[in-house]
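Undergrad:
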Ligand SMILES: Nc1ncnc2c1ncn2[C@@H]1O[C@H](COP(=O)(O)OP(=O)(O)OP(=O)(O)O)[C@@H](O)[C@H]1O
Ligand SMILES: [Mg+2]
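In our numbering, the protein residues as written are 14 to 340.
1. Does the Cβ of residue 248 have 16 or more other Cβ atoms within 10 Å, making it buried, or fewer, making it exposed?
2. Please classify residue 48: is it buried, with 16 or more other beta-carbons within 10 angstroms of its beta-carbon, or exposed?
3. Got a sec? Which residues, its chain only, sit under 8 Å from residue 222 by beta carbon, not counting five neighbours each side?
4. Excluding the five sequence neighbours on either side, which residues of its own chain have a C-beta within less than 6 Å of the C-beta of residue 40, listed in chain order?
5. Could you check the C-alpha separation between residue 79 and residue 287 for me, to the nearest Å?
6. Hey, which residues come within less than 7 Å of ligand 2, measuring from Cβ to any heavy atom, in chain order?
7. Can you give me the Cβ contacts of residue 340 inside the same chain, cut-off strictly under 7 Å, excluding the 5 residues immediately before and after it?
8. How would you label residue 142, buried or exposed, when you count the other beta carbons within 10 angstroms and need 16 or more for buried?
9. Please identify the residue among 265, 52, 322 and 239 whose C-alpha is closest to the C-alpha of residue 162.
10. Going by DSSP, name the residue or residues bridged to residue 216.
11. Quick one: Cα of residue 97 to Cα of residue 15, how far?
12. Where do the ends of the beta strand (DSSP E) carrying residue 306 lie?
13. What's the C-alpha gap between residue 46 and residue 57?
14. Less than 8 Å between the CB of residue 176 and some heavy atom of ligand 1, yes or no?
15. Go through its chain and collect everything with a Cβ distance to residue 52's Cβ below 7 Å, but skip five positions before and after it.
16. Taking C-beta to C-beta, are residue 299 and residue 323 nearer than 9 Å?
17. Quick check on the burial criterion: 16 or more other C-beta atoms within 10 angstroms. Buried or exposed for residue 99?
18. Return yes when the C-beta of residue 189 is under 8 Å from any heavy atom of ligand 1, and no when it is not.
19. Out of 108, 110 and 140, state which residue places its alpha-carbon closest to the alpha-carbon of residue 301.
20. Suppose contacts are defined by Cβ-Cβ distances below 9 Å. Is residue 17 in contact with residue 150 by that definition?
21. What does DSSP give as the partner residues of residue 63 in its beta bridges?
22. So what does residue 145 bridge to, in DSSP terms?
23. Check whether the Cβ of residue 18 sits closer than 8 Å to any heavy atom of ligand 1, and report yes or no.
24. Which of the three DSSP states, helix, strand or coil, is assigned to residue 39?
25. Say whether the region 108-128 touches the region 302-316, bearing in mind that this needs 3 or more beta-carbon pairs closer than 8 Å, one atom from each stretch.
26. Taking the alpha-carbon of residue 246 as reference, which of 203, 261, 256 and 66 has the nearest alpha-carbon?
27. Is it buried or exposed for residue 3, if we count other Cβ within 10 angstroms and need 16 for buried?
28. Suppose the cutoff is 8 Å on Cβ atoms and the five residues either side in sequence are ignored; what does the same chain contact list for residue 30 look like?
29. Between residue 7 and ligand 1, is the CB less than 8 Å from at least one heavy atom?
30. Can you tell which of 126, 153, 255 and 283 has the C-alpha that lies nearest to the C-alpha of residue 138?
See the structure below:
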């Protein structure tokens, strides 16, 4: 079965092709227009998707060496995401599907972050996924494919959002997560102790206090001091975020008794989080899966693999499929 996948939930227009040989292409057109605003502007995102979606899909088909006539179904992100952005992808998918008379498969973007781990591996169920992205921070108990229970989530900011907002306070470009990660490598994680919220309160997270703490810390220092210790401050921020995430993941493993864990979403590209989770998995004798970097942040390959898994279960949609921003 050949699947064309389309992802347009936020500010990346992406298309991928899945065939019997696996993922054959994964084109990601990132929108630079938002850089000047320090965050994603929804209306501009929809317009940029409209401009690039056609050529992104063409490029994905070309790179895969698969023609549109050879595509059997189209997987598309249904939500969560920005309504206007989702609409562009869904309308494009519906148009193509109608012209070819092939079915579409609506995919939950957060499921897809989890199933990105199934592109190159076959993780065993049941498992716990730590899904850490720009908009979400969740601990998900996955009993079997698509049988999900969210057992922990953030009460305010997501982990990626915390990285981005603290980066903004430090004068770093958006999205700041990758930059903070890079700077942290030459910094001292023990330089400053930032708060690790809700450590002893169940499986939920909170990152807004950390953001405020970083804001006050930077405000109360001389500019030259912050500049001189940027690496140390970044490492201390990364440490606080990664520590909470791993401690809660450990708690979730103990609570559910799973033997398999996954990292998913953009923040799973973070090196400190990866190292700490690897160490934890080793100590607890767990099987750990982490997507390769290009499958961590938004990409259509993860939509393709999730679409394939849904197709295997006969879960197709029809032209009534609607975008659902809070899916
Ligand atoms: N190496 C890294 N270290 C820390 N954060 C990172 C790293 N790489 C990416 N991120 C963060 O990941 C986030 C983007 O991830 P992703 O694309 O999965 O999120 P999103 O699609 O915006 O949100 P959602 O999936 O919840 O809708 C950004 O907040 C970014 O800063
Ligand atoms: Mg995402």
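Just so you know, even glycine gets a beta-carbon here, dropped at the ideal spot from N, CA and C. In this text, all values refer to a predicted model and were calculated from it rather than measured experimentally.
TA: With the given structure in hand:
1. buried
2. exposed
3. 208 and 210
4. 28, 69, 72 and 73
5. 35 Å
6. 22, 23, 122, 126, 146, 147, 148, 278, 279, 310 and 311
7. 91, 92, 93 and 121
8. buried
9. 265
10. Paired residue(s): none; residue 216 is not in a bridge.
11. 27 Å
12. Taken as a continuous stretch (DSSP letters only), residue 306 belongs to no beta strand (DSSP E), as it is neither H nor E.
13. 8 Å
14. yes
15. 187
16. no
17. buried
18. yes
19. 140
20. no
21. The partner list for residue 63 (beta bridge, DSSP) is empty, contrary to what the question assumes.
22. 150
23. no
24. strand
25. yes
26. 203
27. Past the edges of the chain, shown from 14 to 340, lies residue 3, and the structure says nothing about it.
28. 15, 16, 17, 18, 36, 37, 38, 73, 74, 76, 77, 79, 84 and 317
29. This structure does not reach residue 7, given that the chain is present from 14 up to 340, and the question cannot be answered.
30. 153
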